[in-house]
Each structure stands twice: as C-alpha cells, then as structure tokens.
Amino acid sequence: MQERYEPLEFEAKWRQRWADADLFKTREENGRPKFYGLDFFPYPSGAGLSVGHCRNYIPTDVLCRMKFMQGFNVLHPMGFDAFGLPAENEAIKRQRHPEEMVHEYGDTYKRQMDLIGIGYDWSRSFYSSDPSYYKWTQWIFTKLYERGLAYRSNAAVNWCPKDKTALANEEVVGGLCERCGTPVEKREIPQWFFKITDYAQRLIDDLDDLDWPDGIKNQQRNWIGRSDGVEFEMAVVGADGSGRFDLESDQADADKPLRFRVFTTRIDTIFGMTFCVLAPEHPLVSDLAARADEETRVKIQEYVQAARALGDTTRQAADREKTGVNSGFHAINPANGKPVPIFLADYVLMGYGTGAIMAVPGHDQRDFDFARKHQVAIVPVIAPSIEESDQVVAAHTNGRAVESKEGVLINSGEYTGQAVAAAQQNLGLWMESLGIGERKVNYRIRDWLISRQRYWGCPIPILHDADGSMEAVAEECLPVMLPQVESYEPGDDGASPLAGIPEFLNATDSEGQLARRETDTMGGFACSSWYFLRFCDPHNFESAWDPEKVKYWMPVDAYVGGAEHAVMHLLYARFWTKVLFDIGLVHVKEPFARLQNQGQVLGLTPYRKPRDGEVLDVGEDGVLVSFEDAKNLSEADLQWRWVRMSKSKGNVVTPDEAVAEYGADALRIYELFVAPFEADVQWSNEGMQGAVRFLSRVCRLVSEFGPRYRPTWREELSGSGRDIRRWTHQTIKKVSDDIEKFAFNTAVSALMIYVNNLTDAIKDSSSDAELSEAVETLILLLSPMAPHTADELWEGLGKTGFTYHADWPRADEELAKVDEVMIAVQVNGKLRDTIAARASASNEELEIAAMGSEKVVFHIDGKEIRKVIVVPGKLVNIVAS
RNA sequence: GCCCGGGUGGCGGAAUGGUAGACGCAGCGGACUUAAAAUCCGUUGGCCGCAAGGCCGUGAGGGUUCGAGUCCCUCCCUGGGCACCA
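Using the numbering used here, you'd call the opening residue of the first sequence number 6 and step up by one each time.
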C-alpha cells in the first residue's frame with residue numbers, strides 16, 4: 006500500500022480503469038433522484054487549459070461525484086462552444102480552417118480535463134458547430150421567427166471595424182468591442198434581432214426564485230434597467246409662446262398641430278421644467294426645421310449633421326460639455342400651461358424612452374449643466390421642507406442640481422407641500438384623468454442583435470423570396486449547412502462572406518421559386534442558449550430533445566462558471582428558455598436553479614515601471630515584461646503583480662505542468678482548499694506542496710493502520726472508541742454539508758483535522774473496529790476530492806471496485822453528539838476561564854460550576870452579582886459590579 | 001455619480017450575536033542525517049511579566065446588547081458592475 010502520495014505510481018492507472026469501466030456514463034435508473042451539474046460551455050482556445058480553468062471544473066466534479074455516491078442519477082456532461090468569433094479569428098491568424106482547428110483544440114481540452122480526473126460523460130459531448138447540433142439551433146430560430154420574436158430591421162448598429170461584424174449591445178463595453186478593444190462605429194445595416202425586450206419584466210421577476218449570487222442578479226436587474234415613470238404629451242407652440250402652433254408657411258401640412266411625448270421618472274418635478282430637449286434624431290426635428298426661419302434651420306441642420314458624425318463613444322462620454330441648439334419653438338408645460346423653449350441636444354438619446362425629455366435643471370445634473378451653458382432659468386421645486394428652500398438655491402449656486410427624492414414640493418401650484426412620493430402618485434393620476442399622459446415603465450435593455458457578418462457561425466435559416474418577402478426554412482430542409490470553403494475572411498462592406506458563394510446563396514423557396522438565402526450567421530451566444538437542453542438527449546436525430554428527458558433532468562441543479570458572463574450568456578439562455586416554455590417545449594421557466602461563480606487563479610507577473618514619456622496600454626500602470634527580461638531588471642524598476650493567468654501575460658501554469666510535478670489529486674486538493682470557492686487565489690507552489698503533504702499523511706495513516714484494519718468492524722464495535730466514532734460522524738456531517746454549499750475549503754480543512762486526530766489515535770493499540778470505520782470513512786469522504794488516491798487506498802484495504810460505486814457515509818446524529826463540552830466562563834463579557842461540563846448539564850449546574858472557578862472568584866471578589874447569562878453548551882457570563 | 005461585494009496574524013483564510021485567528025503556508029526551535037532535502041515533534045497575533053497572569057486586538061469613529069469580526073449609523077480604503085438611460 007502507498008505509504009506516501011506518489012501520484013506517478015497510481016493516478017494514470019486509475020484514470021485508465023475508470024475509462025475502461027465507463028465509470029461516468031450517465032445513470033438513468035428509475036426511482037432515483039436526479040442531479041444535473043453543469044459547467045459553462047467553454048470555447049476551446051488554442052492555449053489549452055490553465056490551472057485557472059480547473060478552478061471551474063474541479064468543484065463541480067466534487068459535487069457531482071458526491072451526489073452519485075449519495076445515490077443520485079447524475080448528469081455531468083461537457084461539450085464545446087465552437088462557433089463564433091474567437092475561433093474564427095484564431096483560425097484566420099493561423100491560416101487554418103476553423104472546423105478542424107476547434108476539434109483539435111477541443112481534444113486538448115478533453116485530454117486535460119481527463120488528466121485532472123474530471124468525471125464527465127463524454128458519450129454526451131458535442132460541438133456547437135456539429136450540423137446535428139446546429140440543425141436544432143436553426144430550428145429554435147424558426148420557432149422564434151414564427152412568434153415574431155426574431156425580426157430583421159434596418160438599424161444603426163454597433164459595428165466593429167476590426168472584427169468586421171455587428172455586435173450586440175452586451176458585447177460593447179465603454180464604446181469598445183468587448184473582444185478586441187477596437188472603438189465601435191455606427192452603421193446602418195439590416196440586422197436580425199431577438200425580441201428580448203418582450204421578456205424584460207419576466208426576466209426581472211423570475212430572478213427572485215433563483216439561487217444565484219446576489220451580485221449577478223443585481224447586474225441583470227441593472228442591465229434590464231426598469232424605470233417607472235410617466236409618459237406625457239407636449240404641444241408645440243409658436244415662438245411667441247401663445248396659442249397652438251400654426252405658423253404661416255407655404256408648406257402643405259404646415260398647420261398640422263405638432264406634438265411630442267416625453268418620458269420622466271420625476272413627474273414630481275414637472276413644475277420645475279424650464280425647457281425641453283429632443284434628441285437630434287427625433288422625427289419632429291425635421292418638422293421644426295422645415296418651419297423655422299432660415300438662420301435657425303441652418304443651425305438645426307448643422308447640429309443634426311454634427312451629432313450624426315460623432316461616434317457613440319465620444320458622444321456618450323459623461324464628462325463631455327453639453328452641446329445643443331435652440332429650435333426657436335416652445336412647448337406647453339401641461340402642469341402650469343407655461344411655454345418652455347425646445348432645444349435639440351445630443352445628450353438625449355433617441356434609443357431610450359421617447360427620445361425627448363422635459364428638462365428640470367433644478368433637480369437633474371445633466372439638465373442643470375445644459376441650462377447653465379445655454380442661459381436657461383433654473384427653478385427649484387423640491388426642498389427638504391418649505392422652510393428650507395434656500396438650501397436648494399445654495400446648492401445651485403455651488404453648481405449642483407438637487408437630485409434627492411427626500412422632501413416636499415415647492416413652487417408647484419396646488420401640489421406645493423406634498424411629499425415627493427405622494428406628488429408622483431397624484432400627478433400621474435391627474436395626467437391619466439385628463440388623457441395627457443399615463444404612468445409607464447421603460448426598460449434600458451434593447452433587443453438582442455444576433456446576426457454576424459461572418460463565416461464561422463450557425464447560418465440563419467431564412468429565405469428571401471423574389472417578391473421581397475421572407476420565409477423560414479422548413480424543418481425538413483434543416484440544417485442549412487455551412488458550406489465548406491477555402492477562404493472565409495470577412496469583408497468591409499457589411500456583407501457576410503457567405504454572400505459571395507453562389508451555391509449557398511441561391512436556393513428555392515417553398516413554392517419552388519428562386520430565392521436568396523440569408524447570408525448572416527448567428528452570434529455564438531445563440532448556440533450556447535440551449536446546449537444544456539441538448540445534453541439531456543444529445544443523440545436525438547428526430548427532434549431537438551425528447552420532452553420527457555428534458556423534464557427529467559432540467560433544471561440544472563448546479564451551474565458553475567465565471568462571473569464575466571453575468572449579463573450575456575445567462576440572460577440570453579434565460580430568455581430562450583422562457584420562449585421555449587411559452588411554446589410548451591420545456592416545462593421550466595428558468596434553466597439554472599442554482600448558479601455559482603468560481604474565483605480566478607492569479608499568477609505572479611513581472612511589470613516594469615514606465616520610462617519617462619512612455620505611453621501605456623489602457624488600464625495599465627506598468628509595462629508587462631517577460632520573465633526573462635525581469636531577471637535583468639533592477640529591484641527598483643521591477644514590480645510583481647498578481648494578475649489573471651493568460652497566454653499573453655506569459656504567467657500561465659498548465660494542469661499538465663502541475664500534474665507532472667505535484668499530481669492531479671494534489672492540484673484538486675490545493676484548488677479546493679486554498680480559498681473560498683468564489684474568491685480569487687494567488688497560485689503558489691508552496692500551497693501545492695501543502696496539498697501533497699496532506700495526501701501523504703492520509704496515505705501514511707491508512708498504510709500504517711492497514712494491518713489492523715477489520716473489514717467486519719460493524720460486528721466488532723465495542724463502545725470503547727467513543728471519541729473516534731464522534732469525530733467520524735461529525736466529519737461526515739461537516740464534509741457533506743460543506744460540499745453541498747460549495748464550502749470546499751472548509752470541507753478539506755475538516756478532513757485535515759480528522760486525519761490529524763486519527764494519526765494520534767492509531768498510536769493507541771485499542772479501538773481497531775472504530776478506527777476501521779474511521780479509515781473507511783476517511784477514504785470515502787476524500788473520494789470526490791482526491792479520487793485517484795481514494796481508489797488506491799481503497800484497493801489497499803482489500804476492497805474491490807471503485808469508491809465512486811461505494812455508498813456515501815451517513816452521519817449518525819447520536820454518535821456525532823458530544824457528551825462533554827468546554828464551557829467558556831466570562832465575567833462582564835471577558836473570558837476568564839473555561840470549564841468542562843456534561844453536554845446535558847442544566848443551566849443551574851453550569852452556573853454553580855462557573856461560580857466555583859477560582860479565576861472567576863478572583864474577578865468577582867467584592868462585587869455584586871447582578872445577572873448571570875447561561876448559554877447551554879456554550880458559555881456562562883457573570884455580570885458583576 | 002449609482003448598484004453590488006470586500007477590509008481579520010508575516011501570508012491564504014476559519015468563526016448559527018457566545019472562548020477571534022480553526023485548517024494550511026511561511027517562520028522559529030528540536031529529532032533523524034556526515035550534511036542537506038524529505039519526514040516527524042514542538043512553537044508562532046501584539047505588548048508587559050521569571051512565572052502565574054494581565055492589558056490590547058477583526059479599516060476608523062459612534063450606537064444597540066450581559067456579550068459585536070458578526071446587527072445599526074457615519075466615514076475611509078479597496079475590488080467589480082453600470083453610467084448623459086431622463
């Protein structure tokens with residue numbers, strides 16, 4: 006038997022045996038509860054896995070292994086998110102075809118996942134680029150199309166000039182392409198969208214029932230961005246401010262009354278409106294320009310042109326000066342009938358609300374800044390109280406709007422004196438009663454732009470008929486196969502490379518007429534929005550899935566991955582699931598009942614202090630240097646930092662290296678133990694060494710005890726090793742509970758304590774039966790975390806088969822109970838002594854025992870005892886003065 | 001600016017309102033060794049003390065409580081997300 010942890014001697018052997026036994030093939034036996042454990046669908050990168058990625062896969066594996074041993078049918082699959090830009094860009098760079106490339110990379114991932122002992126059922130694996138998979142991605146697209154949830158629209162979209170494709174809003178961060186950091190441009194191209202906005206409210210509401218990290222739920226709520234407010238109508242009047250607009254003009258519809266609608270969340274401040282703003286793209290702008298005098302018309306047109314020319318990044322920079330132009334027209338404030346000037350300004354966005362606002366400079370900082378620059382009046386209408394209205398004026402003098410919702414209305418006609426909340430309610434009702442406006446909810450989220458003008462994606466299954474209409478490709482004609490091509494580089498013209506392939510492009514519609522295929526492909530997030538359903542029934546060629554199988558396995562019970570997907574994948578997958586629920590194709594409204602985000606593994610990385618005048622990359626305050634160069638730098642110039650492992654930083658540790666040097670189980674134990682699951686960790690060779698030591702101690706304990714091991718210990722328990730049995734059953738409970746709640750670090754800690762205790766206990770030659778139970782239990786509790794070592798030791802005890810097939814130990818609450826406890830004795834809240842007591846001791850007994858302590862007597866000497874607090878099993882606190 | 005996290009020994013971290021620092025890493029002392037590595041044993045928050053013991057201590061300040069790392073208020077630092085979204 007192994008006397009120390011020597012992974013080279015047995016780990017590979019066990020992996021081979023597991024593979025030979027098909028150990029991780031999904032069990033679907035009747036009468037067992039199910040458990041679906043899933044890792045985020047990875048894109049297989051050419052760099053392979055780092056030990057950072059393992060931080061995702063190891064914990065899920067531990068939980069799944071324990072669940073299986075507890076008798077669950079466990080679904081623990083893995084596949085590859087192979088379609089999409091990262092793969093295609095990599096393929097272009099390497100002059101390879103993405104198809105063969107992703108399979109090669111996927112094989113590497115699989116090899117590495119096997120190397121660290123992850124128990125995936127590979128028989129269920131697939132690539133999202135497999136026609137047998139994307140056929141059904143297309144099929145789901147047609148389902149959305151039939152329901153009006155997939156539509157084509159000419160829109161000003163975010164275009165990445167480097168990746169040469171349109172991007173979803175979620176893929177644009179701070180005006181830059183999330184993937185390559187290139188500033189995005191606005192382009193008017195017909196694009197495909199999914200109508201996720203129809204589901205905005207449900208996507209917010211159903212978060213409540215999910216067992217997800219609060220941070221992620223919050224991010225989703227913020228991204229969807231519900232705002233409750235009032236939308237109302239404003240009438241445009243002549244420049245003199247009187248009467249309805251009916252300016253004399255030779256234009257035919259010049260006397261048509263002009264109106265526009267505004268949305269506000271602060272209807273309570275309506276009496277403070279001193280101007281209105283239209284977005285430069287607002288449809289009313291051209292009407293106003295047409296009716297304006299020559300000089301103003303030119304000014305308006307110039308401003309609209311200038312706004313259009315600005316990129317989103319510049320235009321939406323929050324610290325930019327507020328530009329704008331006065332239209333010369335006015336609008337009537339419905340609350341007090343007063344006319345206010347209408348400006349055009351690009352700080353108002355056409356894409357949100359109505360593209361027009363009522364501006365209240367007294368209580369909105371943006372309006373305040375604009376009003377100051379353009380000399381518009383600022384009227385305070387909210388104050389802490391009527392008496393304290395001067396505070397508001399003082400703030401304005403200091404250049405600040407008062408955005409607080411605390412306080413009451415002032416200068417607000419009959420509403421003066423009302424609290425903000427009441428006034429919001431009352432003004433909303435008043436507007437509704439007169440039909441001027443109504444209370445309304447707006448969402449920040451936009452529809453999901455799904456089309457990409459790229460080759461390597463799932464073709465959108467749509468035909469453009471000769472008459473200009475569109476139709477979805479019929480199910481029996483799916484999949485629309487992505488053609489095999491030599492060259493697939495994207496062009497600058499906004500057209501997909503597929504548009505240049507006549508054999509693909511030309512097709513016939515359902516009536517046999519000539520038609521043109523849609524040539525855009527779907528962004529990768531479409532493919533990953535349903536893969537968790539396919540895993541339930543991956544070999545189904547008749548349909549996307551058998552509803553019974555999905556009904557059995559869904560929802561995912563533990564979904565594990567990085568927090569960076571908080572609002573993209575997780576929102577899209579929830580949306581698709583809801584649509585499929587509405588169609589009746591799945592029975593769950595939410596795909597992922599429980600979500601856990603693992604922390605990252607950081608590598609120590611050398612940086613050099615910038616030289617004078619050196620320009621740094623965005624977000625960096627030093628210059629990345631290679632480990633070689635670092636050796637030649639002076640200590641003053643060199644800075645070591647902990648940063649996320651990545652190929653480009655040169656700080657990656659691969660599982661291959663870690664396993665070769667320390668062993669797979671050591672890597673597993675280290676990553677589980679080093680920090681809480683969700684925390685970032687700093688990679689350390691010393692820490693790995695600690696894991697090796699722990700596993701060696703386990704081996705030594707089991708091998709030293711081995712000769713005394715009694716397989717029939719159950720019949721031989723004598724009642725002597727009470728402590729041993731108590732540790733055993735306490736540890737079973739602790740480890741089981743901790744794994745369940747993703748507290749792997751404390752689970753390992755509990756095993757370490759257990760091992761330390763048992764190491765002492767075997768020095769005593771008695772209690773062999775109790776120790777036999779303990780050693781068996783130790784191996785089984787260790788099995789999900791260090792499965793190779795557990796199986797090796799299990800066999801060493803003379804057992805046959807795998808620990809994976811053994812029953813998970815059950816904690817006996819009676820045995821876990823302590824019969825003697827240490828009671829803390831405090832005087833005035835300060836610890837003065839600890840005393841031993843029976844666990845069943847009554848409060849009175851504890852109080853008497855505490856009073857009997859010499860140390861306590863010393864501290865209460867001469868004082869009056871005012872109160873004694875007894876916490877059974879814990880402490881006695883004597884309050885004396 | 002808004003919304004979430006997080007500040008505990010030299011380090012990673014543990015602690016249902018009830019003995020702060022479990023467990024591990026690093027350090028120190030010792031055993032084994034010709035020696036080193038490995039391993040094992042002991043020790044390790046700070047200050048005072050020969051010791052017994054005492055005092056201080058969970059970012060800062062206040063509060064609630066018999067008792068606060070934990071709950072409440074104010075502030076500081078820090079990580080992340082969103083951000084001209086009306």
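We put the beta carbon where it would ideally sit given N, CA and C, even for glycine.
Alpha-carbon to alpha-carbon, Arg521 and Leu315: 35 Å
Proximal residues to Phe540 (C-beta, below 6 Å), its chain only, five neighbours per side dropped: Pro82 and Arg129
Selected residue, minimal CA-CA separation from Ala663, among Gln117, Pro49 and Arg37: Gln117
Presumed contact (8 Å Cβ cut-off) between Thr659 and Leu149, rounded CB distance: Incorrect: roughly 40 Å between the Cβ atoms, too far for contact.
Runs of beta strand (DSSP E) wholly within the stretch 345-418 (minimum 3 residues, chain order): 361-364
DSSP-derived helix/strand/coil call for Phe15: helix
For His570 and Leu13, the rounded distance between their alpha carbons: 37 Å
Nearest residue (CA-CA) to Ala641, options Ile194, Gly367, Arg705 and Pro611: Pro611
Cutoff 7 Å; reference Leu643; Cβ partners in own chain excluding five residues on either side: Pro611, Arg613 and Ala635
Whether Gly499 touches Ile194 by CB criterion (8 Å): yes
Ser653 versus Asn690 - alpha carbon distance: 21 Å
Nearest-angstrom beta carbon gap, Ser886 and Arg871 [assumed within contact, 8 Å]: 6 Å
Same chain, Cβ closer than 6 Å to Gly529, five either side skipped, listed in chain order: Phe88 and Gly89
Residues near Glu408 by beta carbon distance below 7 Å, same chain, minus five either side: His368, Asp369 and Gln370
Ala239 - partner residues in DSSP beta bridges: Residue identity check: residue 239 is Met in the sequence provided, not Ala. According to DSSP, Met239 bridges with Phe265.
Buried versus exposed, by CB contacts within 10 Å (16 or more), Ser254: Its pLDDT being 43, under 50, Ser254 is placed unreliably in this model, and the value from its coordinates should be taken loosely. Exposed: under 16 other Cβ atoms inside 10 Å.
One or two residues paired with Ser158 in a DSSP bridge: Gln196
Beta strand (DSSP E) segment containing Asn78, residue limits: Asn78 to Leu80
Counted within 10 angstroms of its Cβ, other Cβ atoms place Arg20 as buried (16 or more) or exposed: buried
Cβ contact (3+ pairs, closer than 8 Å) linking the stretch 209-219 and the stretch 487-494: no
Segment contact flag, the stretch 103-117 with the stretch 548-561, C-beta cutoff 8 Å, min 3 pairs: no
Backbone CA spacing between Asp796 and Gly566 [nearest angstrom]: 28 Å
Start-end ranges of the alpha helix (DSSP H) lying completely within the stretch 9-72, minimum 4 residues: 12-25
Reference Arg296, options Val241, Lys343 and Thr319, closest by Cα: Val241
8 Å Cβ shell around Gly627 - same chain, five flanking residues per side excluded: Tyr612, Arg613, Lys614, Pro615, Leu621, Gln644 and Arg646
Cβ separation of His810 and Gly122, assumed to be a contact under 8 Å, to the nearest whole Å: His810 to Gly122, Cβ: 16 Å. No contact.
Local conformation of Pro464 per DSSP, three classes: strand
Beta-carbon proximity of Glu120 to Asp817, cut-off 8 Å: Position check: residue 120 holds Leu in this sequence, whereas Glu was assumed. No, Cβ-Cβ distance for Leu120 and Asp817 is not below 8 Å.
Local Cβ density within 10 Å of Glu16, reported as buried at 16 or more and exposed below that: buried
Burial state of Gln256, where buried means 16 or more other Cβ atoms lie within 10 Å: Residue confidence is low: Gln256 scores 45 on pLDDT, short of 50, so the model does not pin down where it sits. Its coordinate-derived value is still stated next. Gln256 is exposed by the Cβ-count criterion.
Residue interval of the beta strand (DSSP E) (run including Phe280): Phe280 to Leu283
8 Å Cβ cutoff met for Leu706 and Ile744: no
Exposure label - Val178; buried when at least 16 CB within 10 Å: exposed
Sequence-distant residues of the same chain with beta carbon closer than 7 Å to Asp86, five excluded per side: Phe46, Pro47, Tyr48, Ser133, Gly529, Cys532 and Ser533
Length of the line joining the Cα atoms of Asp685 and Leu609: 13 Å
Other residues of its chain near Met6: CB distance less than 6 Å, five sequence neighbours each side excluded: Ser708, Gly711 and Gly801
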